[in-house]
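Novice:
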Amino acid sequence: MTTLTLKLQPKAPLEGEAITPDNFLGKPAAAIAGLPAMHGNEPALLGDFFQVDGDGSEEIVLVGDLRRVKSIAAGMTRGTVIIQGDAGMHLGAGMRGGEIKVYGNAGDWTGAELAGGKIYIRGNAGHGLGGAYRGSRRGMNRGLIIVDGNAGNEVGAVMRRGVIAVAGNAGDFTGAFMIAGSLIVFGQMGIRAGAGLLRGSIVSLKPAELLPTYRYACTCRPDFLNLIYQKLKREGMSIPDGCATGAYKRYSGDFNRSGKGEILIYDQR
Amino acid sequence: MLKIINGEIYDPVNNINGEVREIYVDKGQITASVAGGRTIDAAGMVVMPGGVDMHCHIAGPKVNTARKMRPEDHRLDPAPRTPFTRSGVGKTVPTTFVTGYRYAAMGYTTAFDAAVPPMAARHAHEEFSDTPIIDKGFFVLMGNNEFIMRQIAAGEHEKLRHYVAWLLQASKGYGVKLVNPGGVEMWKSLGNARSIDDEVTGFGVTPRQIIESLAEVCMELRLPHCAHIHCNNLGVAGNWQTTMDTMKALDGRRGHLAHVQFHSYGGRPGKLFTSRVQELAEYVNTHPNLTVDIGQVLFGDTTSMTGDGPLAYMLHQISGRKWVNVDVENEEGCGIVPVEYKDKNYVHTTQWAIGLEWFLLIRDPWRIALSTDHPNGASFIAYPRIIRLLMDREYRREMLKHVNPKAIAKTTLPDQDREYSLYEIAIITRAAPARILGLKNKGHLGVGADADITIYDKNEDKEKMFSSPRYVIKEGEVLVEDGHIRQETYGRTLYVSPQYDPAVEKDIREYFDRYYTIQFENYPVQLENYLPRPEEVAID
Ligand SMILES: [Zn+2]
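Residue numbers (the numbering used here), protein chains in the order written: chain C, 14 to 282; chain E, 7 to 546.
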């Protein structure tokens, strides 16, 4: 295990993309402390801000208020990163494999354009969770993201594959321009959920105000949801009673695009 | 002062083919001798004039709109600040600064933007002011200008000529450009020109008349560069006929056909897309009034940007990707759409092969210029790879294995054995484009030429050789050494000032009052405010 403890709060954002198991593996603690990290527009070293304990391993533990540390574990392909505290923007963006756990909140663009692996956030997530960067043709493209708290706007935007589950509320434009995949919000979704949806499923356990380009289709009990809930349970998420076996109102859309996608709203009755 | 010794010189204008000679530089020019100053020992190196790109898209509102439209493109290619250069981003639509640096680092010292609406000239000049190192200029879009079409319809050829001269002066442009003549105007009412004899809706003129009249005017005004023509029907299967008709319509008048690759297709829309380069190249071979640049396609992601609005709409319909369409009042249009050329795709492979066929089938290298129509076919950064494709037959054969076999079998490319020599490469990348542009001080290393010089380490891999020159010298200053920019300077803006009868201004002013949203007085670009280093290219 490699432990990085924040010893000096960065004044400007610190670019933390060097913090990945891939990068640490096989390096002694001193070499890890010597890895470069831009501090604002000044070159700096990880060791300037972190106390590094233990040589490089598959498991990294980060301790401290890391809200100003950006791109932690971005692009990682293996191993585990555990964050005891809050993480900054772009956490695990473009990640391809391995696991990230945050015992705190995560910033904007967490898991953006995720290509594989798992991210579990015990607190809240910011905007663009598992989303697509501006202009990208594709957001998340495999993997799993779980948030125990709330998430901001544009959760799972332009998602292509994978699963995102948010236990709390999600902001506006949830699943906007989704291509495929599954996005589950136990709480309330903001306005314009599924805008421009091509295919894929957006699920909410709370009533939602849908766009006029969605049409009620039927009330059903989709099997795949049951499977997803079982999976989420195994990952440690608590699933509200009844939702795994209950009925859902299916709305087809977005008819501004193909009409082949769906929003499933839990039928409370 | 500077002396370059022991280098192998490739200077086709002066018939120097790889001889070891000395070159002397003083006050930004090549001179007959110097006393003192730095000496560069170029032993074992190749010395050429700086590269000249005669057709690219690097400045003005359409380029800037493409920048805004493609943040995903920029994210992949950050260009951090260095002690000598500013930061920016690259990829298919680089920032102004990165555009200048990358041209220079590749040994190119001059570049011409091929399509600026006169209304947007001020913006293009502002971007030029922030484009370091290279000398630059632009061609002014005139092929869909309503005032021009009115004069042609009314048979007012004299007035047309005065107007064209006025417009070049007002925009501080370098040449006359036609983009889908008449067709862009028709697109504004949802049509398009399908042949050069279609009547432009509401104007009573045909693309043929626009082509003839403007080609004629360019010659009458004795402009250094002839009419620069992007034919009708770009990208459409079967368009080779339109291209042939356009060349025939020129009827001995000088004309430059831009990115001919995009205009050499057989078949019918949706069917039998094939290469018809042979017929077209043969026509160019036997008609010395014609010159071409290629618009080579390379596989990968890029951005199509054009004054040809209906073309962008067609590309958007094919790919479903985001697009921009602009109506430039009274003058032109514009369209932008991201494009990905795929090596397994039948049409894209055919386009790739057509470009190379053009390079290999034109016999006289003096009438051909290397271009990708940056960024339409590929970024200008791809030039070294194209050079390798032309110089290295084995590499070309290797590439043929990776492309769509059905498509390639229908082209003549597998049968082409020709390999370009360094001398011929020096022609198509500097000497010929400079000559076609009418730039007497560029594209050669004779006494009096601008001291824009590129020195390459020899390398069997011609792509490597041409991507990172050992030295790049601009106006006598060594700006690039060992592939890195060591100094930031700013080049000149080249423009022409043909004479016109001031009486024409009365008509133009009335026209502005009636149809333009901009005041006549506010229209012309002021030399002193917008061109930090102006250079008027003389009309002879
Ligand atoms: Zn062009």
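Ideal placement from N, C-alpha and C gives every residue a C-beta, glycine not left out.
Looking at C-beta atoms only, is the number of pairs between the segment 203-211 of chain E and the segment 173-191 of chain E that lie closer than 8 Å three or more?
Specialist: Flag = yes, the segment 203-211 of chain E and the segment 173-191 of chain E touch.
Novice: Quick one: which residues of the segment 139-153 of chain C get their C-beta closer than 7 Å to a C-beta of chain E? List them in chain order.
Specialist: Cβ contacts with chain E come from Tyr146, Arg147, Gly148, Ser149.
Novice: Could you name the residues whose beta carbon sits closer than 5 Å to any heavy atom belonging to ligand 1, keeping them in chain order?
Specialist: Selection output, chain order preserved: E/Ala120, E/Asp379.
Novice: If contacts are defined as beta-carbon pairs under 8 Å, then valine 334 of chain E and alanine 126 of chain E qualify, I think. What distance do you get, rounded to the angstrom?
Specialist: Contact holds; Cβ gap of about 7 Å.
Novice: Can you give the Cα-Cα distance for proline 420 of chain E and isoleucine 414 of chain E, rounded to whole angstroms?
Specialist: Each residue's alpha carbon lies about 7 Å from the other.
Novice: Determine, for arginine 403 of chain E, whether the minimum Cβ-Cβ distance to residues of chain C falls below 8 Å.
Specialist: No, no contact with chain C.
Novice: Helix, strand or coil for asparagine 295 of chain E per DSSP?
Specialist: Correct three-state label for asparagine 295 of chain E: coil.
Novice: Would you kindly work out how many angstroms separate the C-alpha atoms of alanine 164 of chain C and glycine 57 of chain E, rounded to a whole number?
Specialist: Distance between the alpha carbons of alanine 164 of chain C and glycine 57 of chain E is about 53 Å.
Novice: Is it true that the CB of leucine 245 of chain C sits closer than 8 Å to the CB of valine 216 of chain C?
Specialist: Going by C-beta atoms, valine 216 of chain C is not nearer than 8 Å to leucine 245 of chain C.
Novice: Could you tell me which chain C residues have their CB closer than 9 Å to the CB of arginine 81 of chain E, listed as they occur along the chain?
Specialist: Neighbours of arginine 81 of chain E on chain C, chain order: Tyr146, Arg147, Gly148, Ser149.
Novice: Where does asparagine 269 of chain C land, buried or exposed, given buried means 16+ other C-beta within 10 angstroms?
Specialist: Per the 10 Å Cβ criterion, exposed.
Novice: Do you know offhand how far histidine 578 of chain E's Cα is from histidine 262 of chain E's?
Specialist: Nothing can be reported for residue 578 of chain E: it is not among the residues displayed for chain E, which extend from 7 to 546.
Novice: Where are the beta strand (DSSP E) runs, 3 residues long or more, that stay fully inside the segment 23-69 of chain C, in chain order?
Specialist: Entirely contained in the segment 23-69 of chain C, the beta strand (DSSP E) runs reaching 3 residues are, in chain order, 49-52, 55-58, 63-66.
Novice: Given 8 Å as the limit, is there contact between the segment 64-83 of chain E and the segment 37-55 of chain E, that is, 3 or more CB pairs closer than that?
Specialist: No contact exists between the segment 64-83 of chain E and the segment 37-55 of chain E.
Novice: Verify the CB distance criterion: does arginine 76 of chain E have a CB-CB separation below 8 Å to chain C?
Specialist: Arginine 76 of chain E counts as touching chain C.
Novice: How far does the beta strand (DSSP E) with leucine 8 of chain E in it reach, from first residue to last?
Specialist: Where leucine 8 of chain E is concerned, the enclosing beta strand (DSSP E) stretches over 8-17.
Novice: Output the distance between the C-alpha atoms of valine 168 of chain C and alanine 110 of chain E, rounded to the nearest integer angstrom.
Specialist: Answer to the nearest angstrom: the Cα atoms are 43 Å apart.
Novice: Roughly how many angstroms separate the alpha carbons of tryptophan 172 of chain E and alanine 440 of chain E, rounded to a whole number?
Specialist: Approximately 25 Å, taken between the alpha carbons.
Novice: Please say whether glycine 143 of chain C and isoleucine 177 of chain C have beta carbons closer to each other than 8 Å?
Specialist: In this structure, glycine 143 of chain C lies closer than 8 Å to isoleucine 177 of chain C by Cβ.
Novice: Judging by CA-CA distance, which residue of C/Val115, C/Asp68, C/Leu58 is the nearest neighbour of alanine 86 of chain C?
Specialist: Of the candidates C/Val115, C/Asp68, C/Leu58, the one whose C-alpha sits nearest the C-alpha of alanine 86 of chain C is C/Val115.
Novice: Which class does threonine 258 of chain C belong to by DSSP, given the choice of helix, strand or coil?
Specialist: Three-state DSSP puts threonine 258 of chain C in coil, outside helix and strand.
Novice: Do isoleucine 300 of chain E and glutamine 247 of chain E have their C-beta atoms closer together than 8 Å?
Specialist: Result no, Cβ atoms of isoleucine 300 of chain E and glutamine 247 of chain E do not sit closer than 8 Å.
Novice: Hey, glycine 341 of chain E and glycine 315 of chain E are a contact pair by Cβ (cut 8 Å); roughly how many whole angstroms apart?
Specialist: Glycine 341 of chain E to glycine 315 of chain E, Cβ: 4 Å. Contact.
Novice: Could you tell me which residues DSSP pairs with glutamine 35 of chain E in its beta bridges?
Specialist: Its beta-bridge partners are E/Asp32, E/Asp456.
Novice: Does glutamate 133 of chain E have its Cβ less than 8 Å from a Cβ in chain D?
Specialist: The chain labelled as chain D is not found among the protein chains of the depicted structure, namely C and E.
Novice: Rank E/Ile158, E/Asn245, E/Val170 by C-alpha distance to the C-alpha of serine 201 of chain E and give the top, closest one.
Specialist: When only C-alpha atoms are compared, the closest one is E/Asn245.
Novice: Could you name the residues of the same chain whose beta carbon sits closer than 8 Å to that of threonine 308 of chain E, not counting the 5 residues immediately before and after it, in chain order?
Specialist: Only Thr98, Pro344, Val345, Glu346, Tyr347, Pro381, Asn382, Gly383, Ala384, Ser385 meet the Cβ criterion.
Novice: So, with DSSP's three-state summary, where would you put cysteine 224 of chain E?
Specialist: In this structure, cysteine 224 of chain E counts as helix in the three-state DSSP scheme.
Novice: Quick one: residues in its chain with C-beta nearer than 8 Å to the C-beta of valine 26 of chain E, no 5 flanking neighbours on either side, listed in chain order?
Specialist: Hits under 8 Å: Asn12, Gly13, Glu14, Ile15.
Novice: Rounded to the nearest angstrom, how far is the Cβ of glycine 449 of chain E from that of alanine 437 of chain E, given a contact under 8 Å?
Specialist: That belief holds up - the Cβ atoms of glycine 449 of chain E and alanine 437 of chain E are roughly 5 Å apart, short of 8 Å.
Novice: Under the assumption that lysine 183 of chain E contacts alanine 121 of chain E (Cβ atoms under 8 Å), give the Cβ distance between them as a whole number of angstroms.
Specialist: Indeed they touch by this definition, with Cβ atoms about 6 Å apart.
Novice: Measuring CB to CB, does histidine 129 of chain E end up less than 8 Å from glycine 66 of chain E?
Specialist: It is a contact, given that the beta carbons lie within the stated cut-off.
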